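Structure record follows, encoded as structure tokens.
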Amino acid sequence: MGRFIEGEDRSQATLLPECLDDYIAEDNPVRAVDAFVEELDLQELGFAGADPAVTGRPAYHPAVLLKIYIYGYLNRIQSSRRLERETQRNLELMWLTGRLAPDFKTIADFRRDNGTGIRNACRRFVQLCRELKLFSEAIVAIDSSKFKAVNSRDRNFTPNKVDRRQQQIEESIQRYLDALETADRTQPAEVQATTERLREKLQTLREQMRRMDQVREQLKQEPGEQVSLTDPDSRSMISQAKGTGVVGYNVQAAVDAKSHLIVAHEVTNVGSDRSQLTKMATAARDEMGLDQLQAIADRGYFSSNEIKATLDAGITPLVPKPMTSNAKADGRFSKRDFIYIAKDDEYQCPAGQRAVYRFSREEDNLMVRTYWSSACPACPMKGKCTTSNYRRIRRWEHEHLLEQMQQRLDRKPDTMTLRRRTIEHVFGTLKHWMGSAHFLTRRLCNVSTEMSLHVLAYNLKRVMQLLGMKQTIRAMRALSA
């Protein structure tokens, strides 16, 4: 072929075959996967089959199957059937498994049956990162993102969806009945094709109506009056884009601000984040092994009780308060325009009058103190303040904690920017790796296992970028010694 580099003849026999290890460079990521799995005590982590039975057919060692999955998730190969094909043709996997090629059923069953072990392996890698001193700033960003389940929107139902669907079916039935009546009047008797087709469509629609009645009865037994037919644990949730939703799971994550490693994560089927702050911040602190920690989250996590519980746990939260004042939206003074005077336990209003304490009562599980001024009815600024006789100001009994948190945020105006650049690209990367169909498994426990594999692969790749391949392998072998 002239002056081109030429390959070897495919039919040429070699006397001394090349060693498989020669194909794997010293800085190949599979060597880090191998070093990490070899360091694990699989039996202690909870992997089934780590202690083989004395009798029966020999099984694949859990380490082999775990290596296959970590390699697959590192390279965006999550399907068990695709992993089976890769073990038969991929030199890196041949080297990693010692030329073993389990069938797809064995690979899939390993992920299904070893959820606890896989989640513990993910936590073990975070512990290795802690031992490598990668968590030094004691700051984490907490956020969540909605990930799609295998359940489509058409297979998820709420009472309103059932009502709308039944209305559509009734309209379709009436339309076909009208068409059938027209066909009976105008169609020649010897031509029955159109009539038969319309009757088949009517029968199909009536069957759909009966199924909707069954779904309605099932909804009465479901918590939250929502049912998903393909993945029963998935839920319809509002996504970040306004007016759209996704049937899936809400993935919570805490990411270290310096290394951008995921230190804690959890998969839930609850769409709201308001009750997640303390849980995620505490999990992050425990995984990082720190005494002091700052937890940054967005407005979706703002909850007075959660902020107090986080402070009680010794963690400093930084969460901005949502701007939800109806008075401000209507052009009147908001609560921020009233100055609290702590020594007198009074508020000073924009007109210079004092709003004094009147009574306390419980509202939404919060003990709230109420203040107002006797000068409100005759105040010349009353139109800009309230539409009632008196402007009532409510104050939570621990509101000083919220005020102190706001002061910390005011002193650090770049806090929310730090949060965005720390965690949002993490979710973007994970969704990019997953592709258009995010989760492949069903049920919350299996989805949690799948997410742990994604997190483990992300953290492993991140550490290799931070330390370099050779140093990562050396560190893992040193820690296992």
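Count the sequence shown with my numbering and you get residues 49 to 529, in order.
Using N, Cα and C, we set each Cβ at its ideal position, and we do this for glycine too.
The structure presented is a predicted model; accordingly, all values stated were derived computationally and were not measured.
- In the structure shown, G165 falls within a helical segment according to DSSP collapsed to helix, strand and coil.
- For E132 and V198, the gap between their C-alpha atoms comes out near 22 Å.
- When only Cα atoms are considered, V303 and Y297 end up about 19 Å apart.
- Inclusion of E140 and V210 in the CB contact set at 8 Å is not warranted, their separation being larger than that value.
- In the DSSP assignment, M371 falls outside any alpha helix (DSSP H), carrying neither H nor E.
- The shortest C-alpha to C-alpha distance from E244 to any of P398, R254, R258, L228 is the one to L228.
- Counting along the chain, no alpha helix (DSSP H) covers P271, and no H or E run does either.
- P370 is positioned such that its CB atom lies no closer than 8 Å to that of F386.
- The straight-line gap separating the alpha-carbon atoms of Q266 and V275 is approximately 8 Å.
- Contact check for T145 against K115 passes: the beta carbons are separated by less than 8 Å.
- Across the structure, G348 and A98 are spaced so that their CA atoms are roughly 43 Å apart.
- When secondary structure is reduced to three states using DSSP, H308 falls in the coil class, being assigned neither helix nor strand.
- Taking C-beta atoms as the reference points, A423 and Q401 count as a pair closer than 8 Å.
- Apart from sequence neighbours up to five positions away, the residues of its chain that approach E411 with a beta-carbon distance below 8 Å are R442, ordered along the chain.
- The alpha carbon of D261 has as its nearest neighbour, out of S307, Q214, L246, V299, the alpha carbon of Q214.
- Bridge partners of Q396 according to DSSP: I387, R402.
- Taken through DSSP and simplified to helix, strand or coil, T364 comes out as strand.
- The continuous alpha helix (DSSP H) containing Q452 extends over residues 447 to 459.
- Contact between K509 and L122 holds: their C-beta atoms lie close to 6 Å from each other, under 8 Å.
- By the CB criterion at 8 Å, V295 and M499 fall outside the cutoff.
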